[in-house]
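Residue numbers (the working numbering), protein chains in the order written: chain A, 6 to 369; chain B, 3 to 799.
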């Protein structure tokens, strides 16, 4: 019996789709790719004839550009606000191109150069000396050897000297291993490339050197522009998350409308009617909207019973999206007083939202 | 909703060889359509070629086809709107316009060319709404939006209708198979039409236009010999339906003034913004040229290479160099994208994506600078030319001739700069006047970057003016709009001034004397000089009817300034301005009596006005005005019950001029200082008036200052603090030099130097020193207790 896990990699989750695409793939494939560029595009953007679901939304030309960038010598760098599905896109791209999305370096302040090159099993190293057996290849080295895509997540969280190590790796496409003997090196097979994701604006990130920038083609993943579409997406993602739970409370269309318009208003700094809204520091991405709705659904399912209400959304919004920032709390209060209050006159959902948000503020 | 068979029927009925009828559905400014239409006409060799263009433009056909005509050009018609020439509507042609190409081929094979759309007057009336908006006589229905286009774009993986059009049609540029190509365009347009509501089609006046086109088609068919009709694809299905019905009469041509004018790619792009034609004409022009030089075997790769190279060279020239590897990457991405998207070579959107992928380094928003630069480059900036015989309106000719006589280059659309030494070189002054005249006419020809600004009285000491200018189709069309005012530029400028005054009067703002005098200034700067005589008299008349003291005072001050002015603003001897100045002065004296009833909100401007006039009358500019009359009028106001500020100002003025005894002013001051008033602010009303209008009195007439000083010194501390903010506000009326002088005098009265107040220090006594030493000792003990003596830097103390 297969052990249950929280989240399988994309190539496992979408095994059927990848197989169907590979079978039907007649277009030319770049060397080392498991699907042709067109099939990779269909995998990400969907294809009704092969029953392939759409997995990334809102910007088709961006996906085209990403695929084409990965066919060249340049790496691909996905940037943009948090929660815009950069990591999802990089996972899908590597699953489609390399049939494997598990070669990942998860960037953080603790990453050292060894994580990009290779390390050693020290017990074996002491016992046997440097050998292929005692060598622990990094995901980058493994990707080079196998001709696959390696993902470097949150690259700007790595220290500048670690980022620098990537520069020569990307231009030489070689890792030399002098410990195994003079001239011992791994040259990347066709199909190797790097997808980086980075956040350029967050606090606590390092700047990227221009030498490193030159080695990447940059793509900015933007929040979804179309409200109706965003709503649809939130509903689908929440339903997917709730599918494992025995109860699924009713999620009304009006509640979903509320979630999407609250997030859009606060993200863009203005309401659909054009009233100005102060933009909080907190990330108001679609992913956060899904988190808030999901949390509200869990609350409705396990604590309160009944359908999801505007009140639950307001409570979760404070906990999930608005983390502890007094300035943001003021901005949310202004939003509740000036935008939510007038709306509450004509709508029960907004009235619930307003009441609960007010009550929450008074507690503080 | 739509039926595949019905679409197919369109394809089968577009060409009816038995009847001798060939309908070519096109998109305006599409090179691929132009290619197909040319092939069609060359093969069929019809006797008649019908073009969807306003019927009244037929007179321009020989000019459009003249060897000296270099597209882009446009036919512009002047649309009379509410009895006034208000707007121009354009029908543009570029070298790759199917209509233009069809006309060229038709002429070569000796076919008769007819225009078959409704007269421009009727057509532009349907679209006329905003005079500032460009009006296009070319319409494009929903080529880029609508349910049908959106669904098709989604199915083909295109982001929008523009990409879809390029993907489906422009990639076939150079194809010999005109039947297949035009058939596909016909089907595409039939799909768009089927997805458009009938009501919307009628709303836009298409029914009437299509009836006219059908009538023209019938007429041509009757004559026989084969007919090719080049029409917007949207109309093709309606024409095919209409042909089966009985013919209706052709509408008369109507009466509109129209001209063939130079046009530019930039203007065309802007116009397309309204009419939804193909954007970036520079790009499509390059495609068209390539297709022609390679006889139809479109070299897509070389075209993309040239465009990327051209773009990066252009960027380098503008200071945004692109490295060679990046340039290669742009091309690689564009070509790979084209291959993935199933196109023969990189199209416009592939190039845009290539630039976006390869050149952007960092995070961007929806709008992105490199894409914008590329789009601007692809727009191009070519300007067309027309034959000398085209007879542009006399006003345009005059403007160009004058420009040339002032050595101002108007041969192309390039933006240029010109520095003018306006005070020493008469020829430069003349050029400056020309620029000023064009700005007065709002021709969008020239903008002044540097130079004296007489209108706002700023930097009038400058000797040089610097102008930026470029001749553009907009300049020409603006001049064409103005041709109703006169055939010479000065006449049009004068007419424009008079018309502006009339329209101000009609809007009920004839009272805006300041704007009228602005106009006079601009007229003088434009060198209209003596021509402005009538206008000056009219201003005099307007002032005579004016009811506001401060506005008339302002007008008087500015008019005397003009009178005394030399240089660019100087007036010729023949322009008599004195009578107007006198009229303004007379009106001002009359209005003095209204000062007594000054409402609160007008106090400040009126105080300014009193000061201005006082200074004017005592200064050199006022020597021709009788100051005694003003003093007498002021004396009358004193005896009325004027607000304290006005009273203070007037008394100060009169005291300085010796008309009144200082005691009157002191009495007034005292009366307010000690009177029973409701708020503290009212106590210093008279003082405010003095400070505003004639602060000089404080040092010229010492008792006044003494009185004020005594009053303030005697105030209770709390009352003083209440009054302080109001005093500070009142004192802001003084300039820094006056503040200094006042401070010196007050300090003198109290027997210390003004500087002492600012630099005074508190003296320390022995007790303070002893306390300081005690604190230091305690600190040392505490530091020693922590074992930190080494941290004390004894040597440096």
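Glycine included, C-beta positions come from ideal geometry on N, C-alpha and C.
CB contact flag (residue i, residue j, <8 Å)
i, j, result
"residue 98 (chain B)", "residue 27 (chain B)", "no"
"residue 30 (chain B)", "residue 234 (chain B)", "yes"
"residue 355 (chain A)", "residue 315 (chain A)", "yes"
"residue 250 (chain B)", "residue 213 (chain B)", "yes"
"residue 714 (chain B)", "residue 707 (chain B)", "no"
"residue 353 (chain B)", "residue 328 (chain B)", "no"
"residue 280 (chain B)", "residue 92 (chain B)", "no"
"residue 222 (chain A)", "residue 159 (chain A)", "no"
"residue 570 (chain B)", "residue 410 (chain B)", "no"
"residue 2 (chain A)", "residue 254 (chain A)", "No answer is possible for residue 2 (chain A): it lies beyond the span of chain A, which begins at 6 and ends at 369."
"residue 40 (chain A)", "residue 55 (chain A)", "no"
"residue 262 (chain B)", "residue 388 (chain B)", "yes"
Residue environment, residue i, which counts as buried when at least 16 other CB atoms sit within 10 Å
i, result
"residue 22 (chain A)", "buried"
"residue 616 (chain B)", "buried"
"residue 341 (chain B)", "buried"
"residue 794 (chain B)", "exposed"
"residue 131 (chain B)", "Since pLDDT at residue 131 (chain B) reaches only 48, below the 50 mark, its modelled position is unreliable, and the value read off the structure follows with that caveat. Under this definition residue 131 (chain B) is an exposed residue."
"residue 269 (chain A)", "buried"
"residue 347 (chain A)", "exposed"
"residue 417 (chain B)", "exposed"
"residue 201 (chain B)", "exposed"
"residue 201 (chain A)", "buried"
"residue 752 (chain B)", "exposed"
"residue 456 (chain B)", "buried"
"residue 818 (chain B)", "Beyond the ends of chain B as shown, which are 3 and 799, falls residue 818 (chain B); an answer cannot be given."
"residue 407 (chain B)", "exposed"
"residue 187 (chain A)", "exposed"
"residue 508 (chain B)", "exposed"
"residue 525 (chain B)", "buried"
heavy atom of the ligand NAD below 7 Å from residue i C-beta
i, result
"residue 221 (chain B)", "With respect to the ligand NAD, the structure shown offers nothing to examine, as it has no ligands at all."
Using a Cβ-Cβ cut-off of less than 8 Å, list which residues of the region 41–56 of chain A approach chain B; keep chain order. Hits within the stretch, in order: 42, 43, 46 and 50.
Would you call the region 15–33 of chain A and the region 94–108 of chain A in contact, with 3 or more CB pairs under 8 Å? These segments touch.
May I ask you to list, following chain order, the residues of the region 277–297 of chain A that have a beta carbon less than 8 Å from some beta carbon of chain B? Hits within the stretch: zero.
How about the region 141–149 of chain A and the region 106–123 of chain A: do they share at least three Cβ pairs that are nearer than 8 Å? A contact between stretches requires three or more CB pairs, one per stretch, nearer than 8 Å, and the region 141–149 of chain A meets this requirement with the region 106–123 of chain A.
Go through the region 405–485 of chain B residue by residue and report every complete run of the alpha helix (DSSP H) that reaches 4 residues or more, in order. For the region 405–485 of chain B, whole alpha helix (DSSP H) runs of length 4 or above, ordered along the chain, are 428–442 and 475–484.
If you pair each beta-carbon of the region 626–637 of chain B with each one of the region 653–668 of chain B, do three or more pairs fall below 8 Å? At 8 Å Cβ cutoff, the stretches touch.
Return the chain-ordered ranges of every beta strand (DSSP E) run that is complete within the region 153–226 of chain A and spans a minimum of 3 residues. Listed in chain order, the beta strand (DSSP E) runs fully inside the region 153–226 of chain A are 154–158, 179–181, 190–192, 198–203 and 221–225, counting runs of at least 3 residues.
Going along the region 475–493 of chain B in order, which residues come within less than 9 Å of chain A, judged by CB to CB distance? Listed by position, the residues of the region 475–493 of chain B near chain A (Cβ gap below 9 Å) amount to none.
Beta carbons nearer than 8 Å to chain A: which residues of the region 350–365 of chain B have them? Those would be 351, 355, 358, 359, 360, 362, 363, 364 and 365, in chain order.
Quick check for students: name the residue ranges of the beta strand (DSSP E) that lie wholly in the region 245–304 of chain B, counting only runs of 3 or more. Taken in chain order, the complete beta strand (DSSP E) segments of 3 residues or longer contained in the region 245–304 of chain B are 259–264.
Using a Cβ-Cβ cutoff of 9 Å, what residues of the region 770–784 of chain B are near chain A? List them in chain order. Look at the region 770–784 of chain B: it has no residue with a C-beta under 9 Å from a C-beta of chain A.
Please name the residues in the region 540–571 of chain B whose beta-carbon is closer than 9 Å to at least one beta-carbon of chain A, in chain order. Of all residues in the region 540–571 of chain B, none has a Cβ within less than 9 Å of some Cβ in chain A.
If you measure beta-carbon to beta-carbon, which residues of the region 80–114 of chain A are closer than 8 Å to chain B? Going along the region 80–114 of chain A in chain order, one finds 84 and 85 with a Cβ nearer than 8 Å to chain B.
Given 8 Å as the limit, is there contact between the region 158–173 of chain A and the region 119–131 of chain A, that is, 3 or more CB pairs closer than that? Three or more Cβ pairs drawn from the region 158–173 of chain A and the region 119–131 of chain A lie within less than 8 Å of each other, which places the two stretches in contact.
Which ranges does the beta strand (DSSP E) cover as unbroken runs of at least 3 residues, wholly within the region 520–605 of chain B, from first to last along the chain? Those beta strand (DSSP E) runs which fall completely within the region 520–605 of chain B and span 3+ residues do not exist here.
Closer than 9 Å, Cβ to Cβ, to anything on chain A: give me those residues from the region 687–698 of chain B, in chain order. Those would be none; no residue qualifies.
Check whether the region 196–216 of chain A touches the region 169–180 of chain A, taking contact to mean three or more Cβ pairs, one atom from each stretch, closer than 8 Å. Taking 8 Å as the limit for Cβ pairs, the verdict is that the region 169–180 of chain A does touch the region 196–216 of chain A.
Measuring CB atoms only, is the region 41–61 of chain B touching the region 164–182 of chain B, in the sense that at least three cross pairs come out at less than 8 Å? Touching, yes.
With three or more C-beta pairs closer than 8 Å as the rule, is the region 69–76 of chain A touching the region 30–48 of chain A? Output reads yes: the region 69–76 of chain A touches the region 30–48 of chain A.
Name, going along the chain, the residues of the region 217–238 of chain A whose beta-carbon falls closer than 9 Å to a beta-carbon of chain B. Using a CB distance below 9 Å, the part of the region 217–238 of chain A facing chain B consists of 218, 219, 221, 222, 223, 224, 225, 227 and 230, ordered along the chain.
Segment contact flag, the region 108–121 of chain B with the region 162–176 of chain B, C-beta cutoff 8 Å, min 3 pairs: As far as the Cβ criterion goes, the region 108–121 of chain B does not touch the region 162–176 of chain B, which means the pair count is below three.
Using Cβ-Cβ distances below 7 Å, what residues of the region 21–34 of chain B are close to chain A? The region 21–34 of chain B vs chain A, Cβ under 7 Å: nothing.
What residues from the region 330–342 of chain B come within 7 Å of chain A, judged by C-beta to C-beta, listed N to C? Going along the region 330–342 of chain B in chain order, one finds 331, 334, 335, 338, 339 and 342 with a Cβ nearer than 7 Å to chain A.
Between the region 148–168 of chain B and chain A, which residues of the former have a C-beta closer than 7 Å to a C-beta of the latter? Close to chain A, meaning a Cβ-Cβ distance shorter than 7 Å, are the following residues of the region 148–168 of chain B: 159 and 161.
Does the contact criterion of 3 or more C-beta pairs under 8 Å hold for the region 47–67 of chain B versus the region 110–117 of chain B? The region 47–67 of chain B vs the region 110–117 of chain B: in contact.
With a cut-off of 8 Å, do at least 3 Cβ pairs link the region 488–497 of chain B to the region 447–465 of chain B? Under the 8 Å Cβ criterion, the region 488–497 of chain B does not count as touching the region 447–465 of chain B, having fewer than three qualifying pairs.
Flag this pair as touching only if the region 721–733 of chain B and the region 688–703 of chain B have three or more C-beta atom pairs under 8 Å; answer yes or no. Flag = yes, the region 721–733 of chain B and the region 688–703 of chain B touch.
Mind listing which residues of the region 246–272 of chain A have their C-beta closer than 7 Å to chain B's C-betas, in chain order? Residues of the region 246–272 of chain A with a C-beta less than 7 Å from any C-beta of chain B: none at all.
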